[in-house]
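Here is the structure we will look at, set down as structure tokens.
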Amino acid sequence: MDEMNFQVPLELIIPNEKHIALMLVGCGGTGSWMAPAVVRVGKILIERFNREVSIYFIDPDLVEEKNIYRQNFCAAEIGMNKAEALAMRYGLAWGIEIHTMARKYSQATPSIKNQNLMIVIGCVDRASARKEISGSVNSSDLHVWLDCGNSESYGQVLLGVKSTTIDLFPMPGKCSG
700 MDEMNFQVPL ELIIPNEKHI ALMLVGCGGT GSWMAPAVVR VGKILIERFN
750 REVSIYFIDP DLVEEKNIYR QNFCAAEIGM NKAEALAMRY GLAWGIEIHT
800 MARKYSQATP SIKNQNLMIV IGCVDRASAR KEISGSVNSS DLHVWLDCGN
850 SESYGQVLLG VKSTTIDLFP MPGKCSG
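Take any residue in the sequence shown, count from 1 to its spot, add 699: that is its number in my numbering.
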């Protein structure tokens, strides 16, 4: 068995597709902390791997005072839409355009088309929201779904790849074989 070593990360396996959509669905407790990583991956795909990347932050909720200590927001963002607050912050920091949709996932996805590869990073806190994402797995648009969630004492991350997606990655590896 291979030993995990966080000082020597595994090589990133890049998808074959030219145009990639990264969709962060849910920008609250988990999603607000995931947002900078999503933008960083998008920037790497653009600059180092010459991919066309569209980044979307989707969440209908507003930042409330109770959010600023547990979620990745500050007092100046109270009253703003969560997706818009994060997109403004990380879009400016990384010099990258982030599209925002201040509505539910099911209302946002019809306007996102023409992507060779669509990756949804689900950070939602309701079963009904996960059901909406799950319903789109069978559509032709969604190819990869990373679902993240947590409770007070545990967390989980699940990765699903649409079974009809063939040769998503150029070669099998530790994470794709």
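All residues carry an ideal CB built from backbone N, CA and C; glycine is no exception.
Q. Taking buried to mean at least 16 other C-beta atoms within 10 Å of its own C-beta, is residue 726 buried or exposed?
A. As a first step, residue 726 is located in the sequence shown; it is residue number 27 there, counting from the start. It is buried - the Cβ of residue 726 has at least 16 other Cβ atoms within 10 Å.
Q. Where residue 764 and residue 777 are concerned, what is the direct C-alpha to C-alpha distance, given to the nearest angstrom?
A. For this step, residue 764 is matched to residue 65 along the sequence shown. For this step, residue 777 is matched to residue 78 along the sequence shown. Using only the alpha carbons, I get a separation of about 6 Å.
Q.
Taking contact to mean 3 or more Cβ pairs, one atom from each stretch, closer than 8 Å, check whether the stretch 712–724 and the stretch 739–755 are in contact.
A. Under the three-pair Cβ rule at 8 Å, the stretch 712–724 counts as touching the stretch 739–755.
**Q.** Nearest residue (CA-CA) to residue 856, options 821, 715, 716, 833
**A.** Taking the sequence shown and counting its residues from 1, one reaches residue 856 at position 157. When only C-alpha atoms are compared, the closest one is 821.
Q) With respect to the alpha helix (DSSP H) encompassing residue 779, which residues constitute its N-terminal and C-terminal limits? A) Along the sequence shown, one-based indexing puts residue 779 at 80. In this chain, residue 779 is not harboured by any alpha helix (DSSP H), its DSSP state being neither H nor E.
Q: Find out if the Cβ-Cβ distance for the pair residue 731, residue 771 is shorter than 8 Å.
A: As a first step, residue 731 is located in the sequence shown; it is residue number 32 there, counting from the start. As a first step, residue 771 is located in the sequence shown; it is residue number 72 there, counting from the start. Judged by beta-carbon spacing, residue 771 lies within the 8 Å limit of residue 731, meaning their Cβ atoms are closer than that value.
Q. Helix, strand or coil for residue 801 per DSSP?
A. Position 102 of the sequence shown, counting from 1, holds the residue named residue 801. Here residue 801 sits in coil by DSSP.
Q) If you draw a straight line from the alpha carbon of residue 789 to that of residue 729, how long is it in whole angstroms? A) As a working note, residue 789 is residue 90 in the sequence shown. As a working note, residue 729 is residue 30 in the sequence shown. Rounded to the nearest angstrom, the two C-alpha atoms are 16 Å apart.
Q.
For residue 797 and residue 748, which I take to be in contact (beta-carbon distance under 8 Å), what is that distance rounded to the nearest angstrom?
A. Along the sequence shown, one-based indexing puts residue 797 at 98. Along the sequence shown, one-based indexing puts residue 748 at 49. Between residue 748 and residue 797 the Cβ distance is about 19 Å, and since that is not below 8 Å, they are no contact.
Q.
According to DSSP, simplified to helix, strand and coil, what is residue 849?
A. Residue 849 sits at position 150 when you count from the first residue of the sequence shown. The answer is strand: DSSP assigns residue 849 an E or B state.
Q: For residue 764, name the three-state secondary structure that DSSP assigns.
A: Taking the first residue of the sequence shown as position 1, residue 764 is located at position 65. In the structure shown, the three-state DSSP call for residue 764 is helix.
Q.
If the criterion is Cβ atoms closer than 8 Å, does the pair residue 859 and residue 844 meet it?
A. Translated into the one-based positions of the sequence shown, residue 859 becomes position 160. Translated into the one-based positions of the sequence shown, residue 844 becomes position 145. Yes, Cβ-Cβ distance for residue 859 and residue 844 is below 8 Å.
Q | Start and end residues, alpha helix (DSSP H) containing residue 795 | A | The count along the sequence shown starts at 1 and reaches residue 795 at position 96. Neither: residue 795 is in no alpha helix (DSSP H) and is coded neither H nor E.
**Q.** Buried or exposed by the 16-neighbour rule on C-beta atoms within 10 Å, applied to residue 851
**A.** Counting from one through the sequence shown, the residue named residue 851 turns up at place 152. That one is exposed.
Q) When the Cα atoms are used, what is the spatial distance from residue 826 to residue 848? A) The sequence position of residue 826 within the sequence shown is 127, counting from 1. The sequence position of residue 848 within the sequence shown is 149, counting from 1. Linking residue 826 to residue 848 through their CA atoms gives a straight-line distance of about 11 Å.
Q: Using alpha carbons as the reference points, say which of 785, 829, 739 lies closest to residue 805.
A: The residue you call residue 805 lines up with position 106 of the sequence shown. The residue with the shortest Cα to Cα distance from residue 805 is 829.
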